[in-house]
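Numbering of the sequence shown is given in UniProt numbering, commencing with residue 1 and proceeding in unit increments.
Glycine is no exception: its CB is placed at the ideal position from the N, C-alpha and C atoms.
Please read the structure below before turning to the comments.
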Amino acid sequence: MFEPLLQHINRFVQLTDADRQLIAQHFTYKRLSKKGFLLSEGDVCTDSYFVLNGLLRMYFIRDKGQNQLIQFALENWWITDQTSLDMQKPSIFFIDAVEDTEVAVLSKKSMEELLAAMPQMERYFRLVMQRHVAAVQMRLTYFLDQSAEERYRFFSKLFPGFVQRIPQYMLASYLNITPEVLSKIRSKK
1 MFEPLLQHIN RFVQLTDADR QLIAQHFTYK RLSKKGFLLS EGDVCTDSYF VLNGLLRMYF
61 IRDKGQNQLI QFALENWWIT DQTSLDMQKP SIFFIDAVED TEVAVLSKKS MEELLAAMPQ
121 MERYFRLVMQ RHVAAVQMRL TYFLDQSAEE RYRFFSKLFP GFVQRIPQYM LASYLNITPE
181 VLSKIRSKK
């Protein structure tokens, strides 16, 4: 059930069979139908999610009632509201399923227990977090420095299959442009 997760961890730290069993004991499995929620605004985030299969999105509601998508998570990606999880304060985000999705759930408590039992997992989570920070920095840079068309072309080049997988209005929200502008950009091909 957790094989994709264990393979992902093994890319960063070597795991024995005993390690794999111990890791699996700290996770729970959850299946979500399309549009099912893992987190809603106002809830305190208690878990981190590793996508085994499917696609999640994280977004907030802007002043004018529009969804502002800030993150996608597809297979082998982690997603959580890190601020709410760390500070145990209400979240400003929603996390829901874009399509039927299966996740490995790691509670805050289970993570602490896992880190105490397997110190090498600190390395794994540090490396995952470093990659996440680098991705956020890159996204921020292209948001501040590139036009809407450049942002779309960059994202499409980086994640070609992913662009075909997500609804156009969600991609537009993620790129911080209107669906109409995205449609015009896509028609220029």
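- Here the region 136-154 makes no contact with the region 37-51; the two share fewer than three CB pairs at distances below 8 angstroms.
- Rounded to whole angstroms, the Cβ separation of Asp-100 and Leu-38 is 13 angstroms, and the two are not in contact under 8 angstroms.
- In this structure, Asn-53 sits away from Ser-173, with a CB-CB distance that is not shorter than 7 angstroms.
- When DSSP states are grouped into helix, strand and coil, Leu-15 belongs to the coil group.
- Separation of Asp-19 and Met-118 (C-alpha to C-alpha, rounded to the nearest whole angstrom) is 8 angstroms.
- According to DSSP, Asn-53 shares a beta bridge with Glu-102.
- About 6 angstroms separates the beta carbon of Met-121 from that of Leu-114, a gap short enough to meet the 8 angstroms contact definition.
- Annotation: the continuous alpha helix (DSSP H) that includes Thr-141 extends over 120-145.
- For Leu-32, the closest alpha carbon among the candidates Val-51, Ser-91 and Leu-171 is that of Val-51.
- Judged by DSSP secondary structure, Phe-154 falls within the alpha helix (DSSP H) whose first and last residues are 148-158.
- Listed in chain order, the beta strand (DSSP E) elements of length 3 or more contained wholly in the region 72-97 are 94-97.
- Only residues of its own chain outside the window of five on either side were considered, and among them Met-1 have a CB closer than 6 angstroms to the CB of Tyr-29, listed in chain order.
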